[in-house]
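K.L.:
There are 4 protein chains.
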Amino acid sequence: MIIDITALQQRFISIRENKTFETFVIAIIIVSALVIGAKTYTINPQVELLFKVLDIAVTLIFLAEIIIRMIADNSLKRFFSKGWNIFDFIIVTASLIPVDESEMALLGRLLRIFRVLRLVSVIPELRVLLNAFVKAIPRMGYVSLLMFIFFYIYAAMGSTFFSNINAGLWGNISISMLTLFRVATFEDWTDVMYETMEVYPFSWIFYLTFIFIVAFVFLNMMIGIVLEVLQREHEQFDRESGEGEAGEVHWIKEHTESMEQRMERMENMLIDLHKNKQSNTE
Amino acid sequence: MIIDITALQQRFISIRENKTFETFVIAIIIVSALVIGAKTYTINPQVELLFKVLDIAVTLIFLAEIIIRMIADNSLKRFFSKGWNIFDFIIVTASLIPVDESEMALLGRLLRIFRVLRLVSVIPELRVLLNAFVKAIPRMGYVSLLMFIFFYIYAAMGSTFFSNINAGLWGNISISMLTLFRVATFEDWTDVMYETMEVYPFSWIFYLTFIFIVAFVFLNMMIGIVLEVLQREHEQFDRESGEGEAGEVHWIKEHTESMEQRMERMENMLIDLHKNKQSNTE
Amino acid sequence: MIIDITALQQRFISIRENKTFETFVIAIIIVSALVIGAKTYTINPQVELLFKVLDIAVTLIFLAEIIIRMIADNSLKRFFSKGWNIFDFIIVTASLIPVDESEMALLGRLLRIFRVLRLVSVIPELRVLLNAFVKAIPRMGYVSLLMFIFFYIYAAMGSTFFSNINAGLWGNISISMLTLFRVATFEDWTDVMYETMEVYPFSWIFYLTFIFIVAFVFLNMMIGIVLEVLQREHEQFDRESGEGEAGEVHWIKEHTESMEQRMERMENMLIDLHKNKQSNTE
Amino acid sequence: MIIDITALQQRFISIRENKTFETFVIAIIIVSALVIGAKTYTINPQVELLFKVLDIAVTLIFLAEIIIRMIADNSLKRFFSKGWNIFDFIIVTASLIPVDESEMALLGRLLRIFRVLRLVSVIPELRVLLNAFVKAIPRMGYVSLLMFIFFYIYAAMGSTFFSNINAGLWGNISISMLTLFRVATFEDWTDVMYETMEVYPFSWIFYLTFIFIVAFVFLNMMIGIVLEVLQREHEQFDRESGEGEAGEVHWIKEHTESMEQRMERMENMLIDLHKNKQSNTE
Numbered sequence: 001m002i003i004d005i006t007a008l009q010q011r012f013i014s015i016r017e018n019k020t021f022e023t024f025v026i027a028i029i030i031v032s033a034l035v036i037g038a039k040t041y042t043i044n045p046q047v048e049l050l051f052k053v054l055d056i057a058v059t060l061i062f063l064a065e066i067i068i069r070m071i072a073d074n075s076l077k078r079f080f081s082k083g084w085n086i087f088d089f090i091i092v093t094a095s096l097i098p099v100d101e102s103e104m105a106l107l108g109r110l111l112r113i114f115r116v117l118r119l120v121s122v123i124p125e126l127r128v129l130l131n132a133f134v135k136a137i138p139r140m141g142y143v144s145l146l147m148f149i150f151f152y153i154y155a156a157m158g159s160t161f162f163s164n165i166n167a168g169l170w171g172n173i174s175i176s177m178l179t180l181f182r183v184a185t186f187e188d189w190t191d192v193m194y195e196t197m198e199v200y201p202f203s204w205i206f207y208l209t210f211i212f213i214v215a216f217v218f219l220n221m222m223i224g225i226v227l228e229v230l231q232r233e234h235e236q237f238d239r240e241s242g243e244g245e246a247g248e249v250h251w252i253k254e255h256t257e258s259m260e261q262r263m264e265r266m267e268n269m270l271i272d273l274h275k276n277k278q279s280n281t282e
Numbered sequence: 001m002i003i004d005i006t007a008l009q010q011r012f013i014s015i016r017e018n019k020t021f022e023t024f025v026i027a028i029i030i031v032s033a034l035v036i037g038a039k040t041y042t043i044n045p046q047v048e049l050l051f052k053v054l055d056i057a058v059t060l061i062f063l064a065e066i067i068i069r070m071i072a073d074n075s076l077k078r079f080f081s082k083g084w085n086i087f088d089f090i091i092v093t094a095s096l097i098p099v100d101e102s103e104m105a106l107l108g109r110l111l112r113i114f115r116v117l118r119l120v121s122v123i124p125e126l127r128v129l130l131n132a133f134v135k136a137i138p139r140m141g142y143v144s145l146l147m148f149i150f151f152y153i154y155a156a157m158g159s160t161f162f163s164n165i166n167a168g169l170w171g172n173i174s175i176s177m178l179t180l181f182r183v184a185t186f187e188d189w190t191d192v193m194y195e196t197m198e199v200y201p202f203s204w205i206f207y208l209t210f211i212f213i214v215a216f217v218f219l220n221m222m223i224g225i226v227l228e229v230l231q232r233e234h235e236q237f238d239r240e241s242g243e244g245e246a247g248e249v250h251w252i253k254e255h256t257e258s259m260e261q262r263m264e265r266m267e268n269m270l271i272d273l274h275k276n277k278q279s280n281t282e
Numbered sequence: 001m002i003i004d005i006t007a008l009q010q011r012f013i014s015i016r017e018n019k020t021f022e023t024f025v026i027a028i029i030i031v032s033a034l035v036i037g038a039k040t041y042t043i044n045p046q047v048e049l050l051f052k053v054l055d056i057a058v059t060l061i062f063l064a065e066i067i068i069r070m071i072a073d074n075s076l077k078r079f080f081s082k083g084w085n086i087f088d089f090i091i092v093t094a095s096l097i098p099v100d101e102s103e104m105a106l107l108g109r110l111l112r113i114f115r116v117l118r119l120v121s122v123i124p125e126l127r128v129l130l131n132a133f134v135k136a137i138p139r140m141g142y143v144s145l146l147m148f149i150f151f152y153i154y155a156a157m158g159s160t161f162f163s164n165i166n167a168g169l170w171g172n173i174s175i176s177m178l179t180l181f182r183v184a185t186f187e188d189w190t191d192v193m194y195e196t197m198e199v200y201p202f203s204w205i206f207y208l209t210f211i212f213i214v215a216f217v218f219l220n221m222m223i224g225i226v227l228e229v230l231q232r233e234h235e236q237f238d239r240e241s242g243e244g245e246a247g248e249v250h251w252i253k254e255h256t257e258s259m260e261q262r263m264e265r266m267e268n269m270l271i272d273l274h275k276n277k278q279s280n281t282e
Numbered sequence: 001m002i003i004d005i006t007a008l009q010q011r012f013i014s015i016r017e018n019k020t021f022e023t024f025v026i027a028i029i030i031v032s033a034l035v036i037g038a039k040t041y042t043i044n045p046q047v048e049l050l051f052k053v054l055d056i057a058v059t060l061i062f063l064a065e066i067i068i069r070m071i072a073d074n075s076l077k078r079f080f081s082k083g084w085n086i087f088d089f090i091i092v093t094a095s096l097i098p099v100d101e102s103e104m105a106l107l108g109r110l111l112r113i114f115r116v117l118r119l120v121s122v123i124p125e126l127r128v129l130l131n132a133f134v135k136a137i138p139r140m141g142y143v144s145l146l147m148f149i150f151f152y153i154y155a156a157m158g159s160t161f162f163s164n165i166n167a168g169l170w171g172n173i174s175i176s177m178l179t180l181f182r183v184a185t186f187e188d189w190t191d192v193m194y195e196t197m198e199v200y201p202f203s204w205i206f207y208l209t210f211i212f213i214v215a216f217v218f219l220n221m222m223i224g225i226v227l228e229v230l231q232r233e234h235e236q237f238d239r240e241s242g243e244g245e246a247g248e249v250h251w252i253k254e255h256t257e258s259m260e261q262r263m264e265r266m267e268n269m270l271i272d273l274h275k276n277k278q279s280n281t282e
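The following block contains the structure:
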């Protein structure tokens, strides 16, 4: 019996590593995505029935796939240690919940949409890209906090002074922050400004300083990411190939090491010669 | 007879390499471009006739030019091995199709407009620039795919939730993707948001997360290209001139090599001296 | 008595350095920020009373905190030598001014909003970020001046030619500058252009040259900051870790130094040997 | 008589180099700029008279200043060899033309506005900045040409297909190019697109490809400038200070040179020793 499970496991591992299996899963995800897209058009009942059948088929195939991968991994612990597996598991199991009840229908549809994201977890190149994004997030944390503080202060000022002028834009601090985000994207920001300038003629100072600060903070954010990506890619390039300036520097370093060892040998011989000579001449 | 063809070929090669011939072709392309531009203005019949004559003349000159270049190249295989030649050939032969029939008239006019692109294939500096663009395309492939997946998911969500609010903006998934592209360019995006916020007050989360993700993905795309161009230009600069830091590193590398050889000679002499000494003292 | 003060000072220093005290101050600032935000909503009188009490409490805690930090520092001179301390002192003392009088009420509310900025002075990571911004300001001085000159010239031209067309946009030089800033952010700039093009059909030259110049100056400004930040971060990285290309270059430099010293020793020995030999052979 | 002129010249050179004179000229330019700005406001006749007097005074002072600088320079050739001097000369002499005639009034006012640009020619830091801009122009030449070709092709397509839909936006090729520039700045571009999509439902392809191409070309333009500025600043930094990685590389290069010379000396001595030994043992 134990052998049976190991054999099954072995077989499932070979299925998981199989290129055709991978392509099949990608195809299923794309079919699932197309069904989601097609559903947004007005469709006749027959096609709708087909879509329902397809939806159930996709759900079952996903379930089978995840069970195969679970068994292929030796333990559940090992399976759930990878973030992408957890993501897949949630998407697949959540799809099993029946969505006919009007209450849960919306959530069910949302989860079916998120299935498209499985494309990212299946294609390795996309997984690498998304991992790079996730790694850059902590670096942007403090910059985002600083930006949020500036938004908060300007929103507080905005709703203090301008709430009587236009409650729809400056009614309270959260509406004001949304209005300021709009100003930051330059979306009809002059309409907002001209309105308040009628009451406070100097309120353009408020908008111009805000735009300068936000543009400045945002630029630094961008630069931070650029620098991080630059350094990481450069170092990787250093290690893998020996090309370019960095490669030449590395070559020089290694040859300097061998030159030093040769010099040490030479100096020792010279010392020996020198001593000899001195004892000779004595 | 064989000699005749070779002589003709030799002559055509000399024509092709001739600076005056190149300038003449550029002039013809510019004339062709100006005629295309002038046609968009309302013109009297006489000038229109002139334009028709000019159009035929340009087509014939282009045909003559491409035949000269075809014969100048030894074989058709060699001629069609260059992408730009294929491009020129399609543009020129397609112009030969008569455009008087109402059916093909539109296509014919389009092809005449694309003739202006021949300017890119004729001027070497522009060809280099466009080649750089083409080379950068594969690198952007996966980033574009990731961006498309995000657009698709958000469009699916958008048409699921908002299609009842404004069918013109969220009617189906393709309309929704166009609307999202509009949001990504910040073009009247608040009008779109305010409309859906009346029904779903928290739909601002949908727009703000979308803007952040797209801006982030787009920024990384830009950085990727910047890095690629940076590294390529830097390495070229390395090889051609010996200036700057990279040049100094290269200088050091070469001199380290000659130092190592000298040291090897010196060590050999020292070993010789040392052995001699030892045999002497023995 | 003298000992008492020193003991008190010692105690206050230990309070200041205490992690719990720091967290407590941050919590108070956040409470203060939330009160400011909550005030922008319509609130019933009871809550308003609570907010007044909270406001007084926050003011007193801030006062206590700044006095503790003042005494902890040996002298007032030392306390006021740090820019952030001056900033904190102004915010805290200005809050003590009663704000019930209608005259000063607005200023009082503004100062309470600026209290949120104390979050920047308390959290070290944010202080580092803001310091980086402040350092970049002088570098942008001349670029800003150049940009201002271009704005001024275009605004003078604008109000000279277009003031009769739309006094609301081009009435005088300051209104014109605001209009040009709007054009620089691409906010409904074509509406502005189409209006003046009806009178001066070639006024599109005015707008297009302006957009190109401003985009160009602005880009250079951005690049300047990028370069500065790049070089500063790179050099810091050089000193602290010995990784990457810069680390290898540093390693080579140090080993070149020790190689030179060894060579000097070797040359001296050789000179000695050589002299010896010559005196021997003579 | 000859001595007199030399003495005068010497005196004028000392005036030109004088810091107070420079400050005075800057002050006069700022006064001139303020007068230009003030004129855009509605002013009463008395102040207008004052402005006229000020204008004449500024013109005369500028004339005196340029004559001083002309005489201070040994020859007119030398004076006109500097671009900035030519610029100053044109601005100053053109101001001498009376502007009362209605014909020339506009040009005269324009020239008075351009006087503000003299601030750039007088302040050295601004002159350096503007020179950097001017240097970057040729590098952008071919990129601009490529961009223009794309604009031209899209404009030709636009006016061919869309001129019947909205002649105000696509009437002829020049109007179309202006419309496309508007699309490139994302200014109400969806209004333009939705209009043509009613007739040609697939015209969104036209707009989206255009936006992608322009954004791409523009980005490469930016990168080109960034790279150029980067390399130039880096090399200058190399030469002037010996800091950072580039400084260390330079240090290594110089020390490698001295090491090589020392090695040559050492090898010669070794060869000498070796020969000696061989002749000894023979």
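Chains as they are written, first to last, in our numbering: chain A, 1 to 282; chain B, 1 to 282; chain C, 1 to 282; chain D, 1 to 282.
Don't be surprised by glycine CBs; every beta carbon is placed ideally from N, CA and C.
Can you give the beta carbon distance from Ile113(C) to Met157(A), rounded, assuming they're within the 8 Å contact cut?
P.N.:
Confirmed, about 6 Å.
K.L.:
Please decide whether Ala33(D) counts as near chain C, where near means a Cβ-Cβ distance under 8 Å.
P.N.:
Ala33(D) counts as touching chain C.
K.L.:
At what residue ranges does the stretch 161–197 of chain A contain a whole run of the alpha helix (DSSP H), taking only runs of 4 or more?
P.N.:
Fully enclosed alpha helix (DSSP H) runs of 4 or longer: 167–170, 173–184, 189–197.
K.L.:
Run the proximity test for Gly247(B): is its beta-carbon closer than 7 Å to any non-hydrogen atom belonging to the ligand MG?
P.N.:
The model on display carries no ligand, and the ligand MG is accordingly not part of it.
K.L.:
When you compare the CB positions of Leu169(A) and Thr185(A), do they come within less than 8 Å of one another, or not?
P.N.:
No, Cβ-Cβ distance for Leu169(A) and Thr185(A) is not below 8 Å.
K.L.:
Secondary structure at Val199(D), three-state DSSP: helix, strand or coil?
P.N.:
Three-state DSSP puts Val199(D) in coil, outside helix and strand.
K.L.:
Is Lys39(C) buried or exposed, if buried means 16 or more other CB atoms sit within 10 Å of its CB?
P.N.:
With 16 or more Cβ atoms within 10 Å of its Cβ, Lys39(C) is classed as buried.
K.L.:
Closer than 7 Å by C-beta to Phe12(C): which residues in its own chain qualify, once you throw out the five before and the five after it? Chain order, please.
P.N.:
Contacts found: Ile68, Ile71, Ala72.
K.L.:
Assuming Glu267(D) contacts Met266(B) under a Cβ cut-off of 8 Å, what Cβ separation, rounded to an integer in Å, is found between them?
P.N.:
Contact flag correct, Cβ pair sits at about 5 Å.
K.L.:
How big is the Cα-Cα spacing for His250(B) and Arg109(D)?
P.N.:
Distance between the alpha carbons of His250(B) and Arg109(D): 58 Å.
K.L.:
State yes or no: is the C-beta of Phe210(A) within less than 8 Å of the C-beta of Tyr152(A)?
P.N.:
Contact flag unset, no.
K.L.:
Do you know offhand how far Arg16(C)'s Cα is from Ser32(C)'s?
P.N.:
Arg16(C) and Ser32(C): Cα-Cα distance of roughly 20 Å.
K.L.:
May I have the straight-line CA-CA distance separating Ile29(A) from Ala167(B), to the nearest angstrom?
P.N.:
If I take the Cα positions, the gap works out to 27 Å.
K.L.:
Roughly how many angstroms separate the alpha carbons of Val183(D) and Asp188(C), rounded to a whole number?
P.N.:
Approximately 12 Å between the Cα atoms of the pair.
K.L.:
Give the DSSP-derived three-state secondary structure of Thr93(D) in the structure shown.
P.N.:
Helix at Thr93(D).
K.L.:
Measure from the C-beta of Met266(D) to each C-beta in chain B and report whether the shortest distance is under 8 Å.
P.N.:
Judged by the 8 Å Cβ criterion, Met266(D) is in contact with chain B.
K.L.:
Given a cut-off of 8 Å, decide if Ile66(D) and Val92(D) are closer than it, judged by their beta-carbon atoms.
P.N.:
Cβ distance < 8 Å, so Val92(D) and Ile66(D) count as in contact.
K.L.:
Is Leu145(C) close to chain D? Criterion is C-beta to C-beta, closer than 8 Å.
P.N.:
Interface residue, yes.
K.L.:
Using CA atoms only, rank isn't needed, just tell me which of Glu257(A), Val128(A), Val134(A), Phe62(A) is closest to Val116(A).
P.N.:
Minimum Cα distance to Val116(A) is reached at Phe62(A).
K.L.:
Which first and last residues belong to the alpha helix (DSSP H) in which Lys82(B) is found?
P.N.:
Run containing Lys82(B): none; DSSP gives neither H nor E here.
K.L.:
Could you list the residues in the stretch 8–22 of chain D with a C-beta less than 7 Å from some C-beta on chain C, going in chain order?
P.N.:
Answer set for the stretch 8–22 of chain D: empty.
K.L.:
Quick check on Ala64(A): buried or exposed, where buried means 16 or more other Cβ atoms within 10 Å of its Cβ?
P.N.:
It counts as exposed.
K.L.:
Just checking: is the beta-carbon of Met157(D) within a distance shorter than 8 Å of some beta-carbon in chain B?
P.N.:
Yes, Met157(D) lies at the interface with chain B (some Cβ there is under 8 Å from its Cβ).
K.L.:
Going along the chain, which residues of its own chain have a beta-carbon closer than 6 Å to the beta-carbon of Ser176(B), five neighbours each way excluded?
P.N.:
Excluding sequence neighbours, Ser176(B) sits near Ala155, Gly158, Ser159, Trp170.
K.L.:
Of all Cβ atoms in chain B, is any one closer than 8 Å to the Cβ of Arg127(A)?
P.N.:
So, not an interface residue.
K.L.:
Roughly how far, in whole angstroms, is the beta-carbon of Tyr194(B) from the beta-carbon of Phe161(B), given that I think they are within contact range, below 8 Å?
P.N.:
Actually they are not in contact, since the Cβ atoms of Tyr194(B) and Phe161(B) sit about 15 Å apart, beyond 8 Å.
K.L.:
Nearest by alpha-carbon distance to Gly83(D): which of Val47(D), Val134(D), Ser203(D) is it?
P.N.:
Of Val47(D), Val134(D), Ser203(D), the residue nearest in Cα terms is Val134(D).
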